[in-house]
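So the sequences go chain by chain: G and Z. Here the first sequence stands for residues 11 to 349, where the numbers follow this note's numbering. Here the second sequence stands for residues 104 to 422, where the numbers follow this note's numbering.
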Amino acid sequence: MTRQGDTGGRGALGAELRSILASNQFGLALLITGLIAVFATVNPGFASPFNLFSLTRVMGIDMVIGFSMMVVLVTGGLNLAVGSIGVAAAMLGGYAMQVQGVPILPAMAIALAFGGFLGWINGQLTVRIGVHSFIVTLATMSIFFGAMIVLTRAEAFNALPREFVDLGRLRYFGFVSGMLPLALLVGIGLWVFFNRTSLGREIVAAGANIRAAELSGIRIARTVVVAHALSGALAALAGLMLAARNGAALPSMAGHIGMGWLLPAFLAPVLGGTLLTGGVISVLGTALGAAMVTIITNGLLQLQVGEFWVQMFLGLVLLAAVLLDRLRGVMAERRRQVR
Amino acid sequence: MTERLRALALADWFGLLLVVLVAGTALAFMQPAFLSTYNIYVLLLSFSLWVLVALAQMVIIAIGQMNLSVGAIGGLVAITFAGTMQVWGLPIPLAIVFGLLLGALCGLFNGVITHVSGISAFIITLATLSIFKGINIGITEAQPFYHIPDAVKAFGAARVGGVPYMLVVPVVAIVGVWLLFNRMVLGRQILAVGANRHAAELSGIRVGRVVVIAHMLSAVLAASAGMLAVARLQLGQPTIGDDWLILSFAAPVIGGAILAGGHVSVIGTCLGVVIVTLINNALVLLGIDPFFVQLLLGALILAAVILNRWRERRREAFA
């Protein structure tokens with residue numbers, strides 16, 4: 011949505027239309043429509059209310075996981091600890107609800123704040139040590155997950171309050187899980203933050219060009235810390251959503267040291283046109299990217315391709331997406347040179 | 104003589120050696136079982152496997168990139184090694200060659216795509232991590248290959264006193280990689296590309312070739328680690344390699360490698376692995392919660408990064 015850097019400026023309707031048609035989001039929307047059509051034709055079960063409900067539920071969670079990575083990617087950094095933070099925060103929320111008897115709203119607030127705090131630690135470490143967030147979050151993914159396992163003795167909280175588990179069963183129109191509207195609301199909030207608030211714009215500007223941003227008086231360190239804290243809070247939200255879906259907070263729900271979330275976390279923003287080098291962010295693209303990943307996964311499972319081949323397929327999708335994106339960049343560059 | 108001593112004391116790994124000696128002595132006093140033949144055997148077994156994993160990552164750190172797929176390559180080669188022997192009845196030497204070739208192929212794939220596309224190795228190897236792991240899971244359906252030849256099992260368990268036979272493989276690898284970086288043109292070229300890609304290109308180094316070779320070497324090391332893991336576990340477990348990521352970065356970084364590339368230390372990396380092995384062993388011997396390993400590994404990486412950064416700044420200040 012916000013493509014800072016490559017908007018030509020000219021407001022001619024034709025050019026605008028062309029840029030919409032050539033945009034990542036439009037391509038993604040087309041692909042998604044095509045995929046839905048194919049899956050629904052090949053397998054009638056795909057469009058059943060039951061499947062659509064579970065599809066939209068996973069979709070909402072994948073979107074929030076994607077957002078969690080997206081807000082750090084825009085700074086030119088990354089957050090390998092999304093899975094660890096998500097699980098750690100959800101476990102804390104589970105502990106508050108189940109063991110301490112905290113009502114669910116404050117308990118969820120505690121979990122979100124804790125996720126934000128862990129992200130804040132990532133941001134502070136990155137800024138203060140002065141190394142790339144890759145190595146910092148690689149270390150903290152291990153630390154956060156290790157601490158969580160030591161404290162919980164690797165045991166699940168599976169007697170969560172009814173009201174909380176019911177959130178995972180919320181259903182609109184008979185087939186839309188409550189998780190999807192929630193994720194979309196979060197997306198709208200993020201869009202407003204990055205497009206309409208000065209702090210959000212500063213984060214994007216700092217990601218695009220650190221020196222220019224610094225010269226124009228933006229405090230770079232602050233933008234990095236805020237982005238990481240936001241990423242942590244979003245990861246915590248995804249963790250809570252997953253816990254509500256499972257009906258339990260499980261230490262294993264993001265895989266070994268949270269690595270299970272890495273692929274969806276990178277797939278959604280990268281498919282959606284958020285650049286790994288920073289400075290370009292697309293909230294709508296990330297949402298569409300997550301939707302596509304969920305639909306592919308669900309469709310393949312429905313087609314009896316075998317759950318065991320899905321991971322390889324998603325890896326190929328990621329590879330194809332980054333290569334295509336690169337190819338498009340190279341072609342655009344060439345066209346510019348020819349002119 | 105004093106010159107030489109001073110040079111030794113200034114080396115990256117000298118401090119680490121002291122840490123290892125102090126920690127080893129302390130452990131021996133606290134827990135006499137530490138020096139038992141069996142415990143030394145256990146230590147060397149872990150060391151054998153982990154040092155290959157660490158070197159696999161170190162080679163890529165040297166060119167200023169990272170390889171997230173080290174574990175996935177190890178796992179894929181592990182199940183292929185076990186599978187070709189169990190299902191196809193391939194003789195052991197052929198299965199080993201097949202495994203190494205498959206590893207080299209995975210590395211070729213990583214290297215060529217990274218270089219030709221110019222996309223960061225991080226995202227490429229994240230994608231290939233899923234592809235390799237996905238093929239692994241697709242083939243095995245998450246079930247291990249149980250029936251591997253007795254000779255492989257025997258090799259995995261054989262030892263002379265406290266020294267496991269398998270130590271041969273990492274020793275060859277360590278010597279080879281040390282020679283590569285300290286005595287061979289290719290090693291210098293790898294470091295040159297890592298330190299300053301543009302300058303390397305201008306001085307006539309074929310950067311693409313160097314990058315691809317580094318990725319292939321990394322993958323072959325990961326492949327050897329995968330096959331050793333099969334011998335050690337006595338079965339072709341699909342989860343082999345799943346937990347290598349943190350370790351693969353921890354050891355080189357503890358050993359003083361600079362993640363921006365151009366500077367790695369083979370001896371430092373080996374000592375990094377020794378430190379990780381000792382910590383792991385200490386937790387077991389002293390009856391501490393083994394879950395602490397994960398936490399400590401992360402803390403070690405952070406501490407090492409901070410220390411390396413501080414050293415770098417001092418070096419800059421002196422220069």
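All C-beta atoms in this analysis are idealised placements derived from N, C-alpha and C, irrespective of residue type, glycine included. No experiment lies behind these values; they were computed from the predicted model shown.
Put simply, the CB of I114(G) is far from chain Z, with every gap to its CB atoms at 8 Å or more.
DSSP, read as helix, strand or coil, puts A157(Z) in helix. The three-state reading of DSSP puts P54(G) in helix, counting H, G and I together. Those residues of the region 225-247 of chain Z placed with their C-beta closer than 9 Å to a C-beta in chain G are F225, I226, I227, L229, A230, T231, L232, S233, I234, F235, K236, G237, I238, N239, I240, G241, I242, T243, E244, A245, ordered along the chain. Annotation: Cβ neighbours of G156(G) in chain Z (cutoff 8 Å, chain order): F394, F395, V396, Q397, L398, L399, L400, G401. Every candidate beta strand (DSSP E) stretch fails here, since none sits fully inside the region 312-395 of chain Z while reaching 3 residues. Cβ-Cβ separation between L90(G) and M151(G): approximately 5 Å, consistent with a contact (criterion under 8 Å). DSSP places L313(G) outside any alpha helix (DSSP H), giving it a letter other than H or E. Under the Cβ criterion of 8 Å, G127(Z) is not counted among the residues facing chain G. Taken in chain order, the unbroken stretches of alpha helix (DSSP H) that lie wholly in the region 251-308 of chain Z and span 4 residues or more are 253-260, 271-286, 288-298, 300-305.
Residue contact with chain G for R412(Z): present (Cβ-Cβ distance below 8 Å to some residue of chain G). Here A254(G) has F174, V175, L177, G178 as same chain residues with Cβ atoms under 7 Å from its own Cβ, once five neighbours each way along the sequence are excluded. Distance check between V97(G) and each of N256(G), G227(G), V320(G) places N256(G) closest, using alpha-carbon atoms only. Exclusion of the five residues before and after A169(G) leaves Q108 as the residues of its chain whose Cβ lies within less than 6 Å of its Cβ. Comparing alpha-carbon positions, the option among V137(G), V146(G), I267(G), G282(G) lying closest to F77(G) turns out to be G282(G).
Nearest CB-CB separation between A149(G) and chain Z: below the 8 Å threshold. For Y105(G), the enclosing alpha helix (DSSP H) stretches over residues 92-108. In the structure shown, Y182(G) falls within a strand segment according to DSSP collapsed to helix, strand and coil. Under the three-state reduction of DSSP, S187(G) is assigned to strand.
Taking 8 Å as the cut-off between beta carbons, none of the residues of the region 129-152 of chain Z comes near chain G.
When the Cα atoms are used, G156(G) and Q397(Z) turn out to be separated by approximately 5 Å. Just so you know, the alpha carbons of A322(Z) and V313(Z) end up roughly 14 Å apart.
In the three-state reduction of the DSSP assignment, A166(G) falls in the coil class.
A Cβ-Cβ separation of about 6 Å places M251(G) in contact with V74(G) under the 8 Å criterion. For S64(G), the enclosing alpha helix (DSSP H) starts and ends at 59-83.
Ranked by Cα distance from S241(G), the options L62(G), A223(G), F276(G) are led by F276(G). In the same chain as L211(Z), and ignoring 5 residues on each side of it, the C-beta atoms closer than 6 Å to its own belong to M319, in chain order. Closest in C-alpha terms to V310(Z), from the list V122(Z), A326(Z), T380(Z), I293(Z), comes I293(Z).
DSSP, reduced to helix, strand and coil, places I222(Z) outside both helices and strands of the structure shown, so it counts as coil.
Relative to V123(Z), the option among N411(Z), A334(Z), F352(Z), G358(Z) whose CA is nearest is G358(Z). According to the DSSP assignment, T284(G) belongs to no alpha helix (DSSP H), since it is labelled neither H nor E. Leaving aside the five residues that flank V376(Z) on each side, the residues in its chain whose CB is nearer than 7 Å to its CB run, in chain order, F150, W153, V154, A157, A354. Against chain G, a Cβ distance below 8 Å from I404(Z) picks out I145, L148, A149, S152. The beta-carbon of H266(G) is placed less than 8 Å from the nearest beta-carbon of chain Z. Within the same chain, P59 come within 6 Å of G184(G) by CB-CB distance, once the 5 residues on both sides are set aside.
Remark: fewer than three beta-carbon pairs, one from each stretch, lie closer than 8 Å, so the region 177-193 of chain Z and the region 287-303 of chain G are not flagged as touching.
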